[in-house]
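For reference, the structure discussed in these notes is given below.
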Amino acid sequence: MDTVEIIKIILAPAVMISCCGLFLLGMNNKYSVVVGRIRTLEDEKRRLIAKKRDEKLNDNEDVRYNSILNQLAKLFYRLKLVRNAVIFYNLAVAFFIITCLLIGFEAIFNMPHSSFSVYIPFFVGLFFVFLGVYYATREIIKGYDIVKIEISEN
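Residues 58 to 211 (my numbering) make up the sequence shown, in order.
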């Protein structure tokens, strides 16, 4: 097998690494946004708890307090979904790198081409991408549910 052929073969997993990089970029951004929202709501919750100690909360504040508690529970679950997506995208990248290395080792050491040893990590990587997309999709649905809570509060 010549060098050009080897490079062509290695490109498929390399493209998947780039794809996962884009997914990871988006998920890391979502992770930051969700963590920021949790911190904001926790701060608002602390202020309402302090006010509750000094005086009774009015009806609007009481509704807001309960909404915050509801949102925080759902946001923490959403954060777990984002974490899971990031973990699976990272695992996918690892398996695509393993695929590239196996292709390279087979070429460098003139090993008999064992497509089975190359396909397994590649398909495991694809499966992990699928799981990452699954968790990212669940996170989007959960995000919509949280926005509905915020809107229904008003």
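C-beta: ideal position from N, C-alpha, C; glycine also.
Give the range of the alpha helix (DSSP H) segment to which M141 is assigned. Residue numbering aside, residue 141 sits at position 84 when the sequence shown is read from its first letter. According to the sequence as given, residue 141 is Asn; it is not Met. D116 to I165 is the extent of the alpha helix (DSSP H) around N141.
Which of the three DSSP states is assigned to K113 in this structure? Stepping through the sequence shown from its first residue, residue 113 is reached at position 56. Residue state, collapsed to three classes: coil.
**Asked** If you run the structure through DSSP and keep just helix, strand and coil, what is M84?
**Response** Along the sequence shown, read from residue 1 onward, the residue named residue 84 stands at position 27. Residue state, collapsed to three classes: helix.
### Query
Whole-angstrom Cβ separation of F195 and L129, contact assumed at under 8 Å?
Translated into positions along the sequence shown, residue 195 becomes position 138. Translated into positions along the sequence shown, residue 129 becomes position 72. Sequence check: residue 195 is Arg here, not Phe. Wrong, their Cβ atoms sit about 18 Å apart, outside the cutoff.
> Alpha carbon to alpha carbon, what distance is there between S124 and N117?
Replying inline: Within the sequence shown, the letter at position 60 stands for residue 117. Within the sequence shown, the letter at position 67 stands for residue 124. Answer to the nearest angstrom: the Cα atoms are 10 Å apart.
Do Y146 and C77 have their C-beta atoms closer together than 7 Å? As a first step, residue 146 must be located in the sequence shown, where it is residue number 89. As a first step, residue 77 must be located in the sequence shown, where it is residue number 20. Closer than 7 Å, so yes.
Residues in the same chain with beta-carbon distance under 7 Å from G200, minus the five sequence neighbours each way, listed in chain order, please.
Within the sequence shown, the letter at position 143 stands for residue 200. Closer than 7 Å at Cβ, skipping near neighbours: R135.
Practice problem: Measure the C-alpha to C-alpha separation of P178 and I198 and round it to an integer number of angstroms. | Solution: The residue you call residue 178 lines up with position 121 of the sequence shown. The residue you call residue 198 lines up with position 141 of the sequence shown. Each residue's Cα considered, the two are about 30 Å apart.
For P169, the three-state DSSP class (helix, strand or coil): The count along the sequence shown starts at 1 and reaches residue 169 at position 112. Coil.
### Query
Roughly how many angstroms lie between the CA atoms of Y191 and A149, to the nearest whole one?
By 1-based counting over the sequence shown, the position of residue 191 is 134. By 1-based counting over the sequence shown, the position of residue 149 is 92. Near 13 Å, if we compare the C-alpha coordinates of A149 and Y191.
With burial defined as no fewer than 16 other Cβ atoms inside 10 Å of the residue's Cβ, what is the status of M168: buried or exposed? In the sequence shown, counting from the first residue as 1, residue 168 sits at position 111. Burial call: exposed.
Rounded to the nearest angstrom, what separates I203 and M84 at their Cα positions? If you number the sequence shown from 1, residue 203 lands on position 146. If you number the sequence shown from 1, residue 84 lands on position 27. Distance between the alpha carbons of I203 and M84: 18 Å.
Subject >> Span separating the alpha-carbon of F187 from that of F80 >> reply: Numbered from its first residue, the sequence shown carries residue 187 at position 130. Numbered from its first residue, the sequence shown carries residue 80 at position 23. So the two alpha carbons sit approximately 11 Å from each other.
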